[in-house]
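Start counting the sequence shown at 1; every next residue gets the next number (the UniProt record's numbering).
Glycine included, every Cβ here is placed at the ideal spot set by N, Cα and C.
To start, the structure under review is shown below, and the notes come after it.
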Amino acid sequence: MPKHLLIVESPAKAKTINKYLGKDFTVLASYGHVRDLIPKEGAVDPDNGFAMRYDLIDKNEKHVDAIAKAAKTADDIYLATDPDREGEAISWHIAEILKERNLVKDKPMHRVVFTEITPRAIKEAMTKPRSIAADLVDAQQARRALDYLVGFNLSPVLWRKVQRGLSAGRVQSPALRMIVEREEEIEAFVAREYWSIAAECAHPSQHFSAKLVKLDGQKFEQFTVTDGDTAEAARLRIQQAAAGALHVTDVASKERKRRPAPPFTTSTLQQEASRKLGFTTRKTMQVAQKLYEGVAIGDEGTVGLISYMRTDSVNLSQDALDEIRDVIARDYGTASLPDKPNTYQTKSKNAQEAHEAVRPTSALRTPSQVSKYLSDDERRLYELIWKRAVACQMIPATLNTVSVELAAGAEHAFRASGTTVVVPGFLAVYEEGKDSKSAEDEDEGRKLPKMAPGDRVPLDRISAEQHFTQPPPRFTEAALVKALEEYGIGRPSTYASIIQTLIFRKYVEMEGRSFRPSDVGRAVSKFLSGHFTQYVDYDFTAKLEDELDAVSRGEEEWLPLMARFWGPFNQLVEEKKESVDRAEASGARELGTDPKTGKPVSVRLGRFGPYAAIGSTAEDAEEKPKFASLRPGQSMHTISLEEALELFLMPRALGQDNGEDVSVGIGRFGPFAKRGSTYASLKKEDDPYTIDLARAVFLIEEKEEIARNRIIKEFDGSDIQVLNGRFGPYISDGKLNGKIPKDREPASLSLDEVVKLLEETGKPVRKGFGAKKAAAKKVAKEPSAKKPAAKKAAVKKTAATKAPAKKAAVKKAAKKTVVKKAG
Numbered sequence: 001m002p003k004h005l006l007i008v009e010s011p012a013k014a015k016t017i018n019k020y021l022g023k024d025f026t027v028l029a030s031y032g033h034v035r036d037l038i039p040k041e042g043a044v045d046p047d048n049g050f051a052m053r054y055d056l057i058d059k060n061e062k063h064v065d066a067i068a069k070a071a072k073t074a075d076d077i078y079l080a081t082d083p084d085r086e087g088e089a090i091s092w093h094i095a096e097i098l099k100e101r102n103l104v105k106d107k108p109m110h111r112v113v114f115t116e117i118t119p120r121a122i123k124e125a126m127t128k129p130r131s132i133a134a135d136l137v138d139a140q141q142a143r144r145a146l147d148y149l150v151g152f153n154l155s156p157v158l159w160r161k162v163q164r165g166l167s168a169g170r171v172q173s174p175a176l177r178m179i180v181e182r183e184e185e186i187e188a189f190v191a192r193e194y195w196s197i198a199a200e201c202a203h204p205s206q207h208f209s210a211k212l213v214k215l216d217g218q219k220f221e222q223f224t225v226t227d228g229d230t231a232e233a234a235r236l237r238i239q240q241a242a243a244g245a246l247h248v249t250d251v252a253s254k255e256r257k258r259r260p261a262p263p264f265t266t267s268t269l270q271q272e273a274s275r276k277l278g279f280t281t282r283k284t285m286q287v288a289q290k291l292y293e294g295v296a297i298g299d300e301g302t303v304g305l306i307s308y309m310r311t312d313s314v315n316l317s318q319d320a321l322d323e324i325r326d327v328i329a330r331d332y333g334t335a336s337l338p339d340k341p342n343t344y345q346t347k348s349k350n351a352q353e354a355h356e357a358v359r360p361t362s363a364l365r366t367p368s369q370v371s372k373y374l375s376d377d378e379r380r381l382y383e384l385i386w387k388r389a390v391a392c393q394m395i396p397a398t399l400n401t402v403s404v405e406l407a408a409g410a411e412h413a414f415r416a417s418g419t420t421v422v423v424p425g426f427l428a429v430y431e432e433g434k435d436s437k438s439a440e441d442e443d444e445g446r447k448l449p450k451m452a453p454g455d456r457v458p459l460d461r462i463s464a465e466q467h468f469t470q471p472p473p474r475f476t477e478a479a480l481v482k483a484l485e486e487y488g489i490g491r492p493s494t495y496a497s498i499i500q501t502l503i504f505r506k507y508v509e510m511e512g513r514s515f516r517p518s519d520v521g522r523a524v525s526k527f528l529s530g531h532f533t534q535y536v537d538y539d540f541t542a543k544l545e546d547e548l549d550a551v552s553r554g555e556e557e558w559l560p561l562m563a564r565f566w567g568p569f570n571q572l573v574e575e576k577k578e579s580v581d582r583a584e585a586s587g588a589r590e591l592g593t594d595p596k597t598g599k600p601v602s603v604r605l606g607r608f609g610p611y612a613a614i615g616s617t618a619e620d621a622e623e624k625p626k627f628a629s630l631r632p633g634q635s636m637h638t639i640s641l642e643e644a645l646e647l648f649l650m651p652r653a654l655g656q657d658n659g660e661d662v663s664v665g666i667g668r669f670g671p672f673a674k675r676g677s678t679y680a681s682l683k684k685e686d687d688p689y690t691i692d693l694a695r696a697v698f699l700i701e702e703k704e705e706i707a708r709n710r711i712i713k714e715f716d717g718s719d720i721q722v723l724n725g726r727f728g729p730y731i732s733d734g735k736l737n738g739k740i741p742k743d744r745e746p747a748s749l750s751l752d753e754v755v756k757l758l759e760e761t762g763k764p765v766r767k768g769f770g771a772k773k774a775a776a777k778k779v780a781k782e783p784s785a786k787k788p789a790a791k792k793a794a795v796k797k798t799a800a801t802k803a804p805a806k807k808a809a810v811k812k813a814a815k816k817t818v819v820k821k822a823g
């Protein structure tokens, strides 16, 4: 029987480590967190010392039971979860559960950490056990409690004032604010025209271009020439002054060194994988996790290929440095090796999480050697990590920049620059990606012909080119991660989940690889910025992160931190519940007046998204307004009055078919085509504003054909029908749906039989499922958009969503709830 129990987080890691430790160890996985705050109000009690109530996570209950069973017979227990505050908290929760079940008693319990899964690292960690770090646990619980208190208290305010189902997160909200503010900058941006002037030089050995730097004796800057007429006049003056050639007045040559970038931290890995590989932050972390936990490498067996990927550190261990230097000397020559290792300064104040940079566990495992054992994504990410780690320990690149000044007469001058690599150094292995190119980057690799002062260079032509200034770019994932890190918002391990939450909540949409805020996202951000300003303030959020880090280092107590946050926050929440007007909170805009009716035109955010309205939307208005949903791609923040009025051109008359009018319109459930009394929903690819008659008729007839084929049998004088459904034949009277025995032919059923079957097996028709009699006998009509119907539907929906919650609550009640009190 194994004597020792070792607990890690993932089964892949458990499998790898089990091979290293041998038969005396049982290695089990917790499958991540084992307990979490109960998912309802009161999980954190500010009036009782911020006591925290925990429950086992349902999906991990069986894994906890397996750990508990193994703990009964083990001589001692090793907690080897990840080496950060989340991992420390998981170890603490497991230890608490085992204590509550009286499974520890006098058994030794050790906390061990390692930043790579290799035999050497595991065995070394086992010789240096320690106790669970209470400071790290407190920091994690303080973070979790803060996130809970913000979410459970601020989200209901959003439901009441903006839209139901919204959420506000302590860290996701400032990230959303960044994206929204950038969008507002783009919308407010006014492009400026400017012109550049260049000389195309026909040097005998090589043609090259030069940029104008002096015009009429004055320095030529970006906005010196801002219109075409002025540009053309300048071009002609220069051309006349040059008289067919430019004269070299100065040649300057300068060598400079470029140092390699430091090895990867979590955030720089996410940024570079986004730039160079097109990975999302989530994908980067998923692939890195696999490389960290272990991959089967031929005769070596399962091996962890990279060190722990959640880190703020740029440090490398001495063993790693020795191996990297050996690889450089072997593969790139000793001339590429500096006299001593390159060192880099970490930006992180949090030493407890700054173990080591992300690096290969052995630089001797080159990408070419392991590539055949990896998936394409794993291979590409491993190669990126390996190259960055090796390059960071190589000599700087030596670059030579040559700058040539060329005169056109006495009043005008051009400049041409070129940069060549003299000694490649680290560039032989790796070059860091960039979000945008500088003028220096454009010159790199460009070689100029040899020139000396006094040389005459033939001129091919002078050209003038029009440009317009560009708005700031939208955030890509790489740019957003960089900005979050620069502001100190969140921590690298949280960036992927922040971005995923914004996308999942539909607060942002992806346009290519960039984030564009949705109308809902903008409404949430505007509401929070206007009424909870401090809590989406970048400096405030960063300061709170620093305080949590201070707790993790044992420099600050977590209870006073919680109290300082909770008091003012809770008071503000209570105030805003009563004082904020909903229309203002949802970002409603008055666009102007409808010229036909003289009524106001506005855009608002409703339950089903943004819409335009003609007329007063006040509840006590004498006449109900007209509504129209915005089209895909339109925003309530940028739509014009003219664009909004176009939305009310529905329904559109398309023509006639079979003697009946055919039109297209937009209802509560989306756009539809109509012929006579028959309705058919438009497909995703159909635009109601451009669809033609032929396409509309096709959709209507397709719907009618489906309806005709749906009825297998009807009975005179009865509402019961035998129908074809998504999952096979069934019977229905519009209120109840019943099953048909497998051994019966549906078309052969009699009225007596279907009545009996409906009594025995009938279940109420679920909203949106099954058949109503009207739907089967003829094609369904577009439901009325009257308010009473909408209210009725809303009541039913709420009732339907409450049932599972109640069931979950009953299930949870059977479990033991753990209350963790402060101190």
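Given residue i as reference, the closest of the options once Cα atoms are compared
{"i": "residue 752", "options": "742, 728, 549, 717", "result": "717"}
{"i": "residue 432", "options": "325, 272, 295, 369", "result": "272"}
{"i": "residue 645", "options": "687, 685, 597, 657", "result": "597"}
{"i": "residue 421", "options": "332, 407, 402", "result": "402"}
{"i": "residue 268", "options": "148, 359, 325", "result": "359"}
{"i": "residue 732", "options": "742, 766, 703", "result": "766"}
{"i": "residue 540", "options": "649, 174, 303", "result": "174"}
{"i": "residue 418", "options": "743, 448, 425, 426", "result": "448"}
{"i": "residue 260", "options": "37, 355, 393", "result": "393"}
{"i": "residue 11", "options": "28, 3, 21, 23", "result": "28"}
{"i": "residue 414", "options": "235, 125, 71", "result": "235"}
{"i": "residue 589", "options": "195, 728, 613, 243", "result": "613"}
{"i": "residue 361", "options": "195, 326, 320", "result": "320"}
{"i": "residue 676", "options": "538, 663, 4", "result": "663"}
{"i": "residue 549", "options": "606, 41, 142, 74", "result": "142"}
{"i": "residue 63", "options": "33, 44, 92", "result": "33"}
{"i": "residue 510", "options": "498, 535, 474", "result": "474"}
Per-residue DSSP class, three states only, for residue i
{"i": "residue 279", "result": "coil"}
{"i": "residue 68", "result": "helix"}
{"i": "residue 824", "result": "A question about residue 824 goes unanswered here, because the residues of the chain that appear run from 1 up to 823."}
{"i": "residue 467", "result": "strand"}
{"i": "residue 799", "result": "With a pLDDT of 32 at residue 799, under the threshold of 50, the predicted position of this residue should be treated as unreliable, and no value is reported."}
{"i": "residue 483", "result": "helix"}
{"i": "residue 672", "result": "strand"}
{"i": "residue 770", "result": "Annotation note: pLDDT 41 at residue 770 (below 50); position unreliable, coordinate value reported separately. Three-state DSSP puts residue 770 in coil, outside helix and strand."}
Endpoints, the beta strand (DSSP E) within which residue i is located
{"i": "residue 257", "result": "245-258"}
{"i": "residue 549", "result": "Taken as a continuous stretch (DSSP letters only), residue 549 belongs to no beta strand (DSSP E), being part of the alpha helix (DSSP H) at 538-552."}
{"i": "residue 235", "result": "Not the beta strand (DSSP E): residue 235 falls in the alpha helix (DSSP H), residues 228-242."}
{"i": "residue 37", "result": "35-37"}
{"i": "residue 302", "result": "301-303"}
{"i": "residue 590", "result": "589-593"}
Buried versus exposed call for residue i [16 or more other C-beta atoms within 10 Å across all chains shown]
{"i": "residue 737", "result": "buried"}
{"i": "residue 824", "result": "Lying outside 1 to 823, the shown extent of the chain, residue 824 is not represented and no answer is given."}
{"i": "residue 13", "result": "buried"}
{"i": "residue 364", "result": "exposed"}
{"i": "residue 754", "result": "buried"}
{"i": "residue 17", "result": "buried"}
{"i": "residue 562", "result": "buried"}
{"i": "residue 470", "result": "exposed"}
Unbroken alpha helix (DSSP H) run spanning residue i, endpoints
{"i": "residue 599", "result": "No alpha helix (DSSP H) holds residue 599; DSSP gives it neither H nor E."}
{"i": "residue 268", "result": "266-272"}
{"i": "residue 567", "result": "558-579"}
Paired residues, beta bridge with residue i - DSSP
{"i": "residue 412", "result": "408"}
{"i": "residue 25", "result": "4"}
{"i": "residue 195", "result": "466"}
{"i": "residue 201", "result": "208, 459"}
{"i": "residue 737", "result": "732, 763"}
{"i": "residue 51", "result": "45"}
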